[in-house]
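Novice: The structure that follows is given in the form of structure tokens.
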Amino acid sequence: MAKRSAPFLFKRLTKYVFLTLVALLMVGPFLWMLATSLKSAGEMYAFPLRLIPHDVSVGSYGEVIRRMPFLLFVFNSFKIASLATLGQVLSCSLAAYAFARMKFRGKEVIYFVLLATMMIPSQVTMIPVFLIMKFLGWIDTHYALFVPAFFGGAFGTFLLRQFFSTIPQDLEDAAKIDGCGRFRLYWQIFLPLSKPAIATLAVFSFMGYWNDLLNPVIYLSSLEKMTLTVGLATLQGAEGTMLRYNVVMAGAVISVLPVLILYIAAQKWFVRGITMTGLKG
Amino acid sequence: MKKFISRLEPFLYLTPTLTGLLLFSAGAVVISFLMSFTHWEIVSPPEWIGLGNYSSMLHSDLFWKVFGNTFYYTLLSVPLSIALSLALALLVHERVRGIAFFRTAYFLPVVSSTVAVAIVWSWLYHPEIGLINLFLKKALGIEGPKWLSDTDWAMPAMVLMSVWKGLGYNMVIFLAGLQNISEEYYEAARIDGAPAWRRFLNVTLPMLSPTTFFVLIINLIGSFQVFEQTYILTKGGPANATLTLSYYIYQNAFQFFKMGYAASMAYVLFAVILLVTLFQFKLQKKWVFYG
Chain S
101 MAKRSAPFLF
111 KRLTKYVFLT
121 LVALLMVGPF
131 LWMLATSLKS
141 AGEMYAFPLR
151 LIPHDVSVGS
161 YGEVIRRMPF
171 LLFVFNSFKI
181 ASLATLGQVL
191 SCSLAAYAFA
201 RMKFRGKEVI
211 YFVLLATMMI
221 PSQVTMIPVF
231 LIMKFLGWID
241 THYALFVPAF
251 FGGAFGTFLL
261 RQFFSTIPQD
271 LEDAAKIDGC
281 GRFRLYWQIF
291 LPLSKPAIAT
301 LAVFSFMGYW
311 NDLLNPVIYL
321 SSLEKMTLTV
331 GLATLQGAEG
341 TMLRYNVVMA
351 GAVISVLPVL
361 ILYIAAQKWF
371 VRGITMTGLK
381 G
Chain X
139 MKKFISRLEP
149 FLYLTPTLTG
159 LLLFSAGAVV
169 ISFLMSFTHW
179 EIVSPPEWIG
189 LGNYSSMLHS
199 DLFWKVFGNT
209 FYYTLLSVPL
219 SIALSLALAL
229 LVHERVRGIA
239 FFRTAYFLPV
249 VSSTVAVAIV
259 WSWLYHPEIG
269 LINLFLKKAL
279 GIEGPKWLSD
289 TDWAMPAMVL
299 MSVWKGLGYN
309 MVIFLAGLQN
319 ISEEYYEAAR
329 IDGAPAWRRF
339 LNVTLPMLSP
349 TTFFVLIINL
359 IGSFQVFEQT
369 YILTKGGPAN
379 ATLTLSYYIY
389 QNAFQFFKMG
399 YAASMAYVLF
409 AVILLVTLFQ
419 FKLQKKWVFY
429 G
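Those protein sequences? They're chains S and X, same order as listed. Just so we're aligned, residue 101 is where the first sequence starts under my numbering, counting upward by one. Just so we're aligned, residue 139 is where the second sequence starts under my numbering, counting upward by one.
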């Protein structure tokens with residue numbers, strides 16, 4: 101390799117300095133969250149401020165679990181996000197299959213209306229949907245949060261339809277000659293072949309339901325039914341005013357850790373999902 | 139009979155979606171529209187009042203305040219977010235060693251819940267013991283503002299946090315857009331002797347404009363619906379300085395139980411989003427370049 105010139109090296113170096121500074125700004129609040137959660141009440145306000153606590157204490161984690169059923173919140177969030185994701189994958193893939201591979205009257209109109217619903221702000225639909233849930237007796241239950249996911253969605257249907265359209269027609273014809281029915285074709289050929297698109301939809305959907313605040317705030321009132329987001333908001337209301345931020349931060353760490361792990365593990369699906377909808381949309 | 143079944147088959151696959159469309163979106167839009175003409179406080183039956191809700195909105199100072207706040211939030215956050223995320227995308231565009239690590243780091247705020255992130259920021263913004271003001275005081279000798287409890291600073295503080303949270307998302311879209319620009323254009327510009335800043339102005343920006351347009355639209359739509367930041371950081375205070383339309387609709391519907399009034403404001407929000415989007419689609423002819 102040829103020796104690189106001094107100006108080139110200087111440019112590289114400035115670039116890394118910049119990259120690192122920005123990284124500190126983006127990751128800093130998370131580090132501060134973690135650091136605060138590991139401090140004792142006394143050390144939290146001690147000067148000079150330390151990023152790494154003098155004596156690391158997990159006391160605030162024990163405190164958070166004693167104050168509120170935080171592990172139950174984790175379970176509730178997990179249950180709702182998983183069931184809702186299952187619902188999205190099933191209902192969106194069924195619809196996407198029909199839109200991609202079947203001929204029927206009104207197909208274009210229905211598809212257009214479905215995509216147009218992406219423009220509707222949730223504030224418009226939340227009140228009628230609340231009345232439906234009230235009618236069903238589902239206020240303060242988890243049904244109100246995950247059952248609607250079984251009734252399709254524009255984003256998921258669009259994503260999967262795009263992917264299904266790229267599956268070669270020949271494959272479908274060959275399977276049909278072998279006597280494979282429509283549903284088996286969907287279940288045994290389209291779904292397995294579409295793993296990348298389904299993974300993308302699944303991570304997005306899981307993250308969306310896990311992080312949602314508006315719906316849980318509308319529907320859940322009993323402490324033992326709350327998700328992590330409402331639980332955390334309640335904890336902040338109770339402890340934040342007393343400035344017990346180490347306890348609040350411990351709750352925040354518990355709530356972000358699962359999605360951060362999911363993100364690190366499934367990173368490429370996130371990026372793919374954004375660019376797919378972003379550039380072809 | 140067989141033909142009938144095969145004609146019906148697509149609709150079997152579509153049953154969940156069509157039911158959802160009727161109940162939870164398209165149907166709900168119609169019900170909500172009708173509700174916006176009623177006075178309805180849940181306990182008593184709805185009462186038809188025509189345009190009553192809309193006219194009380196027009197005469198309410200608080201509504202105009204909220205409306206103005208929502209625009210203020212949008213005008214501050216959208217341009218800032220676009221400029222910074224484009225800069226970030228340019229920074230991580232070139233494949234240098236370790237770039238994947240930086241891209242991952244910049245995306246972390248996007249995947250975390252707004253609730254958790256807003257809670258940390260409310261701690262950072264604390265006037266006396268928050269990290270930001272401590273830094274301003276110790277390092278620069280500046281007495282920082284009271285941020286979230288100051289009527290002038292609460293909204294900018296909210297904007298700053300939201301922009302920080304959304305940067306990674308826009309960055310990824312811009313990055314994909316940058317990667318789609320053919321190297322040939324840059325080669326040609328280099329041969330013409332165009333310096334880096336000219337290449338940016340005359341190649342990157344025009345070639346990237348469809349992406350910028352897309353980012354602009356989704357950010358506009360999102361910022362008009364800002365809710366979670368308000369809920370965690372300020373609950374609309376101090377003195378309604380950060381009360382946004384979406385949060386006010388939530389309050390009216392689920393805290394004051396004014397369902398009809400809330401529905402009418404939701405429709406105003408819907409109309410604003412549609413109009414602004416439509417306006418941007420008209421305006422794009424002037425600046426978006428489809429090569």
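For every residue, glycine included, the Cβ atom is placed at its ideal position computed from N, Cα and C. All of these numbers come straight from a predicted model, not from anything done at the bench.
(1) Hey, Met-99/S and Thr-334/S: beta-carbon distance below 8 Å or not?
(2) State buried or exposed for Thr-289/X, treating a residue as buried only when at least 16 other CB atoms are found within 10 Å of its CB.
(3) Tell me the rounded alpha-carbon separation between Arg-104/S and Phe-178/S.
(4) Using three-state DSSP, classify Trp-302/X as helix, strand or coil.
(5) For Thr-415/X and Tyr-211/X, which I take to be in contact (beta-carbon distance under 8 Å), what is that distance rounded to the nearest angstrom?
(6) Do Ile-220/S and Ser-163/X have their beta-carbon atoms positioned less than 8 Å apart in this structure?
(7) Of all the residues that make up the segment 308 to 320 of chain S, which are near chain X by a beta-carbon distance shorter than 9 Å?
(8) Pull out every residue of the segment 269 to 297 of chain S whose Cβ sits closer than 7 Å to any Cβ of chain X, in chain order.
(9) Along the alpha helix (DSSP H) that carries Trp-310/S, what are the first and last residues, could you check?
(10) Which residues in chain S have a C-beta closer than 8 Å to the C-beta of Leu-269/X? List them in chain order.
(11) With the cut-off set at 8 Å, would you say Val-174/S and Ile-354/S are in Cβ contact?
(12) Compare the Cα-Cα distances from Met-144/S to each of Ile-267/X, Ala-225/X, Ser-223/X, Val-167/X and report the closest residue.
(13) My understanding is that Phe-250/S touches Pro-154/X, with C-beta atoms under 8 Å, so please give their C-beta distance in whole angstroms.
(14) Taking only three categories from DSSP, how would you classify Glu-185/X?
(15) Counting only Cβ pairs nearer than 7 Å, list the residues of chain S close to Phe-240/X.
(16) My output table needs one value for Thr-266/S: the three-state DSSP class, helix, strand or coil.
(17) Pick helix, strand or coil for His-231/X, following the three-state DSSP scheme.
(18) Starting from Ala-197/S, trace the alpha helix (DSSP H) in both directions and tell me its first and last residue.
(19) Note down, in chain order, every chain S residue with its Cβ under 8 Å from the Cβ of Tyr-244/X.
(20) Taking Ala-352/S as the reference, give the member of Leu-109/S, Arg-112/S, Ala-135/S, Lys-111/S with the closest Cα.
(21) Check whether the segment 277 to 297 of chain S and the segment 195 to 208 of chain X are in contact - that is, three or more C-beta pairs closer than 8 Å.
(22) Identify the residues that DSSP records as bridge partners of His-177/X: which are they?
(23) Does chain X have any CB closer than 8 Å to the CB of Lys-115/S?
(24) Decide if Glu-185/X is buried, meaning its Cβ has at least 16 other Cβ atoms within 10 Å, or exposed.
(25) If you draw a straight line from the alpha carbon of Phe-245/X to that of Pro-268/S, how long is it in whole angstroms?
(26) Along chain X, which residues have their Cβ under 7 Å away from the Cβ of Ala-198/S?
(27) Using the Cα positions of Phe-170/S and Val-348/S, report the straight-line distance between them to the nearest angstrom.
(28) Compute the beta-carbon to beta-carbon distance between Phe-255/S and Met-226/S, rounded to the nearest angstrom, for a pair I have assumed lies under 8 Å.
(29) Compare the C-alpha of Met-345/X against each of Thr-368/X, Ser-320/X, Gly-360/X, Asn-191/X and name the closest.
(30) Express the C-alpha separation of Leu-332/S and Thr-241/S in angstroms, rounding to a whole number.
(31) Whose Cβ in chain S lies nearer than 8 Å to the Cβ of Ser-120/X?
(32) For chain X, is any of its Cβ atoms less than 8 Å away from the one on Phe-204/S?
Specialist: Looking at the coordinates:
(1) Outside the shown range of chain S (101 to 381) lies residue 99/S, about which nothing can therefore be said.
(2) One-based indexing of the second sequence puts residue 289/X at position 151. Its Cβ having fewer than 16 others within 10 Å, Thr-289/X is exposed.
(3) To locate residue 104/S, count along the first sequence from 1; it is residue 4. To locate residue 178/S, count along the first sequence from 1; it is residue 78. Rounded to whole angstroms, Arg-104/S to Phe-178/S spans 52 Å at the Cα level.
(4) Working through the second sequence from its first residue, we reach residue 302/X at position 164. Residue state for Trp-302/X is assigned as helix, using DSSP reduced to three classes.
(5) Residue mapping note: residue 415/X aligns to position 277 of the second sequence, counting from 1. Residue mapping note: residue 211/X aligns to position 73 of the second sequence, counting from 1. Not really, about 17 Å apart at Cβ, beyond 8 Å.
(6) Here residue 163/X corresponds to residue number 25 of the second sequence, with the count starting at 1. Here residue 220/S corresponds to residue number 120 of the first sequence, with the count starting at 1. Yes, the pair counts as a contact, with Cβ atoms nearer than the cut-off.
(7) Going along the segment 308 to 320 of chain S in chain order, one finds Trp-310, Asn-311, Asp-312, Leu-313, Leu-314, Val-317, Ile-318 with a Cβ nearer than 9 Å to chain X.
(8) Residues passing the 7 Å Cβ filter: Arg-282.
(9) Stepping through the first sequence from its first residue, residue 310/S is reached at position 210. Under the DSSP assignment, Trp-310/S falls in the alpha helix (DSSP H) whose first and last residues are 295 to 311.
(10) Here residue 269/X corresponds to residue number 131 of the second sequence, with the count starting at 1. Under the 8 Å cutoff, chain S gives Trp-132, Leu-149.
(11) The residue you call residue 174/S lines up with position 74 of the first sequence. The residue you call residue 354/S lines up with position 254 of the first sequence. It is a contact, given that the beta carbons lie within the stated cut-off.
(12) Mapped onto the first sequence, residue 144/S falls at position 44. That would be Ile-267/X, whose Cα lies nearest to the Cα of Met-144/S.
(13) In the first sequence, counting from the first residue as 1, residue 250/S sits at position 150. In the second sequence, counting from the first residue as 1, residue 154/X sits at position 16. The pair is a contact, with the Cβ atoms about 6 Å apart (cut-off 8 Å).
(14) Against the second sequence, residue 185/X aligns to sequence position 47. If DSSP states are grouped into helix, strand and coil, Glu-185/X belongs with the strands.
(15) The count along the second sequence starts at 1 and reaches residue 240/X at position 102. Residues of chain S passing the Cβ test: Leu-119, Ala-123.
(16) Your numbering for residue 266/S matches position 166 in the first sequence. Coil, per DSSP.
(17) Numbered from its first residue, the second sequence carries residue 231/X at position 93. Helix at His-231/X.
(18) By one-based count along the first sequence, residue 197/S stands at place 97. The question names Ala, but residue 197/S is Tyr in the sequence shown. From DSSP, the alpha helix (DSSP H) with Tyr-197/S extends over 170 to 201.
(19) Position 106 of the second sequence holds residue 244/X. Chain-order list of chain S residues neighbouring Tyr-244/X: Val-122, Ala-123, Met-126, by C-beta distance under 8 Å.
(20) Here residue 352/S corresponds to residue number 252 of the first sequence, with the count starting at 1. The shortest C-alpha to C-alpha distance from Ala-352/S to any of Leu-109/S, Arg-112/S, Ala-135/S, Lys-111/S is the one to Ala-135/S.
(21) With the cut-off at 8 Å, the segment 277 to 297 of chain S and the segment 195 to 208 of chain X do not touch.
(22) Within the second sequence, residue 177/X is the residue found at index 39, counting from 1. Looking at the DSSP assignment, His-177/X forms a beta bridge with Glu-185/X.
(23) What you label residue 115/S is simply residue 15 of the first sequence in a count that begins at 1. Judged by the 8 Å Cβ criterion, Lys-115/S is in contact with chain X.
(24) The residue labelled residue 185/X in the question sits at position 47 within the second sequence. Exposed, by the Cβ-count rule.
(25) Within the second sequence, numbered from 1, the residue matching residue 245/X stands at position 107. Within the first sequence, numbered from 1, the residue matching residue 268/S stands at position 168. Roughly 35 Å separates the two Cα atoms.
(26) In the first sequence, the residue the question calls residue 198/S occupies position 98. Listed by position along chain X, the residues whose Cβ is nearer than 7 Å to that of Ala-198/S are Pro-148, Tyr-151, Leu-152.
(27) For the purposes of this step, residue 170/S is taken as residue 70 along the first sequence, with counting starting at 1. For the purposes of this step, residue 348/S is taken as residue 248 along the first sequence, with counting starting at 1. Cα to Cα, Phe-170/S sits roughly 11 Å from Val-348/S.
(28) By 1-based counting over the first sequence, the position of residue 255/S is 155. By 1-based counting over the first sequence, the position of residue 226/S is 126. Not confirmed; about 18 Å, so no contact.
(29) On the second sequence, residue 345/X is found 207 positions in, with the first residue counted as 1. Distances from the alpha-carbon of Met-345/X to those of Thr-368/X, Ser-320/X, Gly-360/X, Asn-191/X put Ser-320/X closest.
(30) Within the first sequence, the letter at position 141 stands for residue 241/S. Within the first sequence, the letter at position 232 stands for residue 332/S. C-alpha separation (whole angstroms): 18 Å.
(31) What is shown of chain X runs 139 to 429, which leaves residue 120/X out entirely.
(32) The residue you call residue 204/S lines up with position 104 of the first sequence. Yes - at least one Cβ of chain X is within 8 Å of the one on Phe-204/S.
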